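A.B. asks:
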Amino acid sequence: MDVYAQIAAKIIAQQETIIGPVAIEQAKAVSGLKVDWDKHQVTVSGDQQSVINKLVEQYKELFGKLSVEICKEAASKLISQLPANKQPSSLK
Amino acid sequence: MESVIKNSLVFSTINLLMLQFDNSIIKQYHLNVTDTKKNGLNKYSLLVLVLFLFFSGWFAGTYLPGPLHGKSTVLLSEVYGVVALIGGIYGLSVAKNWGYFKSYFGRAIILISCGLLLQEFGQLAYSYLNSIKHVELPYPSIPDIGFFGSIPMYILAARYLIKGLGIASIVKKNHVKLLVGVLIPEIILAVSYWFLLKGYSTEGKSSLAIFFDYGYPIGQAIYVSLALIILLSVSRLLGGLMRIPTLLLLLAYLIQYLSDFNFIFQTIHETWGPGMYGDYLYFTSYCLLFYSLIRLNSALNFSPSHKKDRDQGAD
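Residue numbers (the numbering used here), protein chains in the order written: chain P, 1 to 92; chain S, 93 to 407.
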């Protein structure tokens, strides 16, 4: 998995520990994101930064800014592997 | 010919506008329906409302004089716990949506539901011993399995909410919140000690009674402290569909604490009586806990993954 897919997988896994199976349903509803959670495989296609932003936005509808903070925390180690201009704006 | 074209153009424009108007009405209707559901006004909310109004009326009625006054008050104190029973069953039945023990919120919901069921067990056991076995104050006794048993349930549930909402990392980053998090339990414990344990004497008391006399205020201080820490840590960050249900749950925790605090206080001062305001406090906390479980589940059902279906319905 590339870094964006790993970021998405980390965020989904973190949200799953909080709200359960709905976290995966929500991720599946994001366009550009293909989720096979049985195999823990995530594929990000198209504008990858935008897809991650959409995923964060999806979770933001549940807990607001708190969800964003949780996503940032989950992706913090991986995000540093990306150059500043390639980092999704929602996770900066 | 020109006038015919003009007329047909006007006619089709009016038709189009009417169609748009109809569509907007249908859309509005669907939005109203979804908004109503989103706000948690489903059949379970209605049930809570009916129970709340019914028992509130009954509680108010106990203050009116009448031939059945005494019996009615005792009966009320025996049956209002049904709200906790229904709430507990409801919570366990919807925990599946949260993946049961696989998620922090799932665990919290299961534990709160068990807490509600234990409270009802305590209520029923108390009523049985008091009304049928004529034990004036059954303490420490079987009801304490339920009443005291609910305390670790609420503490664990709050702990999982803290984990789920990422409170630890928020508190670590903010020194003021860290200080508040440290101070709150100490203040609550000091208040509990001052009102409930100051001048406490162990003379003539069984070791079980002493355990409960200390255990209740300490346990209650722990769960209410955790609720307050959550409230003060995330109240600004918490938003979205879960904001109101989570705040309602924390409010229910506070009222549950007030109920427990008042019960011990009234028992110490020998002013506790069945069907009085103390019971109404418990009843309110059960209603709020039940309603917050409903709202949490409704929020999950109206999460973004379900939004597409709603929007398609509206279109």
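Ideal placement from N, C-alpha and C gives every residue a C-beta, glycine not left out.
Since the model is a prediction, treat every value here as computed from it, not as a measurement.
1) DSSP has L33/P in a bridge; who is on the other side?
2) So is W286/S buried or exposed if we call it buried at 16+ other beta carbons inside 10 Å?
3) Can you list, in chain order, the residues of its chain whose CB lies under 6 Å from that of Y196/S, leaving out five sequence neighbours each side?
4) Whole-angstrom Cβ separation of Y182/S and L385/S, contact assumed at under 8 Å?
5) With a threshold of 7 Å on Cβ separation, who are the neighbours of V125/S within its own chain once the five nearest residues in sequence on each side are excluded?
6) For G241/S, does the three-state DSSP call read helix, strand or coil?
7) Assuming A75/P contacts I7/P (C-beta within less than 8 Å), just tell me the rounded distance between them.
8) What are the residues in the stretch 3 to 18 of chain P lying within 8 Å of chain S by C-beta distance?
9) Assuming contact is defined by CB atoms lying nearer than 7 Å, are Q14/P and Q58/P in contact in what I supplied?
10) Do you know how far the Cα of H161/S is from the Cα of S390/S?
11) List, in order along the chain, the chain S residues whose C-beta lies closer than 7 Å to that of V44/P?
12) Under a Cβ-count criterion, where at least 16 other Cβ atoms within 10 Å of its own Cβ denotes burial, should K86/P be classed as buried or exposed?
13) Can you confirm whether G132/S, when its beta carbon is compared against all beta carbons of chain P, has any partner nearer than 7 Å?
14) Please list, in chain order, all residues of the same chain as W37/P whose beta carbon is under 7 Å from its beta carbon, the five residues on each side excluded.
15) Check the Cβ of G191/S against every Cβ in chain P and list those closer than 7 Å, keeping chain order.
16) Out of S233/S, Y246/S, S298/S, L323/S, point me to the one whose CA is closest to S219/S's CA.
17) At least one CB of chain S closer than 7 Å to the CB of S31/P: is that the case?
18) Give the secondary structure of G296/S by DSSP, where H, G and I count as helix, E and B as strand, and everything else as coil.
19) Sorted by chain position, which residues of the same chain lie with C-beta nearer than 7 Å to I276/S's C-beta, five sequence neighbours on each side aside?
20) Name, please, each residue of chain P whose Cβ falls closer than 9 Å to the Cβ of G179/S.
21) Among C206/S, L392/S, N222/S, Y306/S, which one has its Cα closest to the Cα of S284/S?
22) Counting only the same chain and skipping the five closest in sequence on each side, list residues whose C-beta sits under 6 Å from that of S351/S.
23) Straight-line CA distance for K77/P to V42/P?
24) Give me the DSSP bridge partner(s) of G191/S.
C.D. replies: Considering the structure as presented:
1) Residue 33/P sits at position 33 when you count from the first residue of the first sequence. L33/P is bridged to V44/P.
2) Working through the second sequence from its first residue, we reach residue 286/S at position 194. With fewer than 16 other Cβ atoms within 10 Å, it is exposed.
3) The residue you call residue 196/S lines up with position 104 of the second sequence. So the qualifying residues of the chain are Y252, K255, G256.
4) Within the second sequence, residue 182/S is the residue found at index 90, counting from 1. Within the second sequence, residue 385/S is the residue found at index 293, counting from 1. 6 Å between Cβ atoms; contact.
5) Within the second sequence, numbered from 1, the residue matching residue 125/S stands at position 33. Because the pLDDT at V125/S is just 48, under 50, the model does not fix this residue reliably, and the value given afterwards should be weighed accordingly. Cβ within range, chain order: n/a, list empty.
6) Working through the second sequence from its first residue, we reach residue 241/S at position 149. Helix at G241/S.
7) In the first sequence, counting from the first residue as 1, residue 75/P sits at position 75. In the first sequence, counting from the first residue as 1, residue 7/P sits at position 7. That pair is a contact at about 5 Å.
8) E16, T17, I18
9) For this step, residue 14/P is matched to residue 14 along the first sequence. For this step, residue 58/P is matched to residue 58 along the first sequence. The answer is no: Cβ separation not under 7 Å.
10) For the purposes of this step, residue 390/S is identified with residue 298 of the second sequence, where counting begins at 1. For the purposes of this step, residue 161/S is identified with residue 69 of the second sequence, where counting begins at 1. In a straight line, the C-alpha of S390/S is about 40 Å away from that of H161/S.
11) For the purposes of this step, residue 44/P is taken as residue 44 along the first sequence, with counting starting at 1. The contacting residues do not exist; V44/P stays about 18 Å from chain S at best.
12) Locating residue 86/P in the first sequence gives position 86, where the first residue counts as 1. Label assigned to K86/P: exposed.
13) Numbered from its first residue, the second sequence carries residue 132/S at position 40. Reliability fails at G132/S, whose pLDDT of 47 lies under 50, so the model's placement of it is uncertain and no value is given.
14) Indexing the first sequence from 1 puts residue 37/P at position 37. If we look at W37/P and ignore the five residues flanking it on each side, its Cβ neighbours are I24.
15) Start at 1 with the first residue of the second sequence, and residue 191/S comes out as number 99. Per Cβ cutoff of 7 Å: G20, P21.
16) Taking the second sequence and counting its residues from 1, one reaches residue 219/S at position 127. Ranking the options by Cα distance to S219/S, first place goes to S233/S.
17) Residue numbering aside, residue 31/P sits at position 31 when the first sequence is read from its first letter. Output row for S31/P: interface = no.
18) One-based indexing of the second sequence puts residue 296/S at position 204. Coil, per DSSP.
19) Against the second sequence, residue 276/S aligns to sequence position 184. Excluding residues within five positions, the ones whose Cβ falls inside 7 Å are S317, L320, I321.
20) Within the second sequence, numbered from 1, the residue matching residue 179/S stands at position 87. None at all; the shortest Cβ gap to chain P is about 20 Å.
21) Your numbering for residue 284/S matches position 192 in the second sequence. Of C206/S, L392/S, N222/S, Y306/S, the smallest CA-CA separation from S284/S is found for Y306/S.
22) Position 259 of the second sequence, counted from the start, is the residue given in the question as residue 351/S. Excluding sequence neighbours, S351/S sits near L373, Y374, S377.
23) Sequence index remark: in the first sequence, residue 77/P carries index 77 (1-based). Sequence index remark: in the first sequence, residue 42/P carries index 42 (1-based). Their backbone Cα atoms lie some 18 Å apart in a straight line.
24) Mapped onto the second sequence, residue 191/S falls at position 99. As far as DSSP is concerned, G191/S takes part in no beta bridge.
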